Amino acid sequence: MKENKKLLVSGVRVQYKNGGCDYEAEAVHKAAQLIKKETGCTPTNLKISKKSIDARRDISFVYSVYAEVETSCTITSPDIKEYSAPSFELECGNESLTERPVIIGFGPAGMFAGLLLARYGYKPLILERGASVAERVKAVENFIKFGVLDTSTNIQFGAGGAGTFSDGKLTTRINDPLIMYVLDMLHQLGAPDDIMYKAKPHIGTDILRKVVENADTEITKLSGEIRYKSKAENITSSSVTVNGERIPCGAVILACGHSARDTYSELIGAGFSVEAKPFSVGVRAEHLQSDIDTAMYGAHAGDSQLGHAEYQLSWRQ
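In terms of this note's numbering, the sequence shown opens at residue 356 and continues consecutively.
Printed below as a string of C-alpha cells:
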C-alpha cells in the first residue's frame, strides 16, 4: 500500500464570532478547501497542528493543519508544505557499559534522560538531592506558611526541578524538531491534549506534579532507580559518592540545573573544565488577569472560547 504525502497548511485564519462556534472544524474545512484549490487533490486525515490568537485588530484564531494527499499530488502554494514528523532514535555505542549510567538531578533534563535510557533498557540510576513530589509540596508549603527552609527540598530542588512550581510553562523560542518529541512524551505522561497544538502551551502546576510522578513510576517500572535526598559528591567520570556510599558509574549525566552552585564549585575545584553559557534575565511583573483580558479582547474578555489573554514584553540592548 502506498504511503500518502503529509502536508502542513499554515496561516489558516478563522474570524472570532461572539457566540458558540466550532472554530477548529472551520479551520480544518478551510485547509481542505485550500489544498483542493491549489493542488486539485482531495486531502484526508486532517487535524489541528497549532492554534494561536491574533487580537491586534479583529480577533482571529490562526491555525496550522496537518493533512495527507496522494504522493502524486504537486504542491506550489507557499502556505502548503510537505511535512515529515520528527523522530528520535538513541544512537547506541558498540561497547557495553561496565556499570549502569548515573544521572545527577531529576529536573527536566534528568527526567527525560532517565526516561529515554530506561526505555532503551539501560536501567539508569538517578540521584536527586531533593525529595519526591509529595514530600516536596509539603516542604514548600511549610516554607511559605512558616518561613522554615529545607535547603535540600524547596522550590529549586526536588522531583521535577524548579519548573514544578512555575505552572509548567512550555514556551521556548528555539525552533527544534525535537520539541514535538518532548511534548509527545509529556502528553504520554498525563499532560493535557492541548499542549500538542497550542502556540504557548502550559501544563499547570497540579497536573505537572502528576506528570513528574508518572515519569518516576515509568522509570522504576523499566528497572531504573531514583534515589531522593541523595546529593552527589566527589563526582568523577566513573564514580560518585552519595550519602557516604561510593557508586561506580558506566557514564555520568550532569543534569543538576543552574541552582546547584555548590556542585559546580566542587567540579571546578576538582579540575573539570566548566564553560559559561549565555543567559537571559527575566523580571516578573504581575497584573490582574482581568486587566490583560480587557486590554487584549475588549468587550469579549471572559469568553471561555478565547481563554485568558497573553502578552510578552522584551527589550534587547
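Don't be surprised by glycine CBs; every beta carbon is placed ideally from N, CA and C. Please read all numbers here as calculations on a predicted model, not as lab measurements.
Could you tell me the boundaries of the beta strand (DSSP E) in which residue i lies?
i, result
"Phe416", "Ser415 to Val424"
"Val607", "Ala606 to Leu609"
"Gly366", "Lys360 to Gln370"
"Thr399", "Thr399 to Asp409"
"Ser594", "Ser594 to Val597"
Near residue i, what residues of its chain come up, given a Cβ to Cβ distance below 8 Å and the 5 sequence neighbours on each side ignored?
i, result
"Tyr475", "Leu445 and Cys447"
"Ala386", "Val364, Val367, Pro398, Leu401, Tyr418, Val420 and Ala422"
Alpha carbon to alpha carbon, how far is residue i from residue j?
i, j, result
"Lys392", "Ala440", "25 Å"
"Ile403", "Thr560", "25 Å"
"Val383", "Glu641", "37 Å"
"Met540", "Thr426", "30 Å"
"Gln667", "Leu622", "37 Å"
"Ser437", "Gln370", "Before going on, a small fix: residue 437 reads as Glu here, not Ser. Looking at the two C-alpha atoms, the distance is approximately 26 Å."
"Arg455", "Pro479", "6 Å"
"Asp658", "Gln543", "30 Å"
"Ser594", "Tyr477", "17 Å"
"Lys372", "Ser415", "9 Å"
"His655", "Arg412", "13 Å"
Where DSSP assigns a beta bridge to residue i, which residues make up the other side?
i, result
"Arg491", "Answer is none; Arg491 lacks a bridge partner."
"Asp648", "Partner(s): none; Asp648 has no beta bridge."
"His557", "Lys524"
"Glu600", "Val597"
The alpha helix (DSSP H) with residue i in it runs from where to where?
i, result
"Arg474", "Pro463 to Arg474"
"Arg564", "Thr560 to Lys576"
"Asp539", "Ile534 to Gln543"
"Ile390", "Tyr378 to Thr394"
"Glu630", "Element bounds for Glu630: n/a, residue is neither H nor E."
"Leu622", "Arg616 to Gly624"
Return yes when the Cβ of residue j is within less than 8 Å of the Cβ of residue i, no when it is not.
i, j, result
"Ile435", "Leu389", "yes"
"Ile481", "Ile458", "yes"
"Gly579", "Gly469", "yes"
"Val566", "Ile574", "no"
"Val488", "Gly465", "no"
"Ile590", "Val607", "yes"
Near residue i, which residues of its chain fall below 6 Å by C-beta distance, leaving aside the five closest residues on each side in sequence?
i, result
"Glu423", "Asn359, Lys361, Thr399 and Asn400"
"Pro556", "Leu525 and Ile550"
"Glu483", "Phe461 and Tyr583"
"Ala517", "Gln511"
Near residue i, what residues of its chain come up, given a Cβ to Cβ distance below 7 Å and the 5 sequence neighbours on each side ignored?
i, result
"Lys405", "Tyr418, Ser419, Tyr552 and Ala554"
"Leu504", "Phe498"
Would you say the beta carbon of residue i comes nearer than 7 Å to a heavy atom of the ligand PLP?
i, result
"Glu450", "Ligands in the displayed structure: none, and consequently the ligand PLP is not present."
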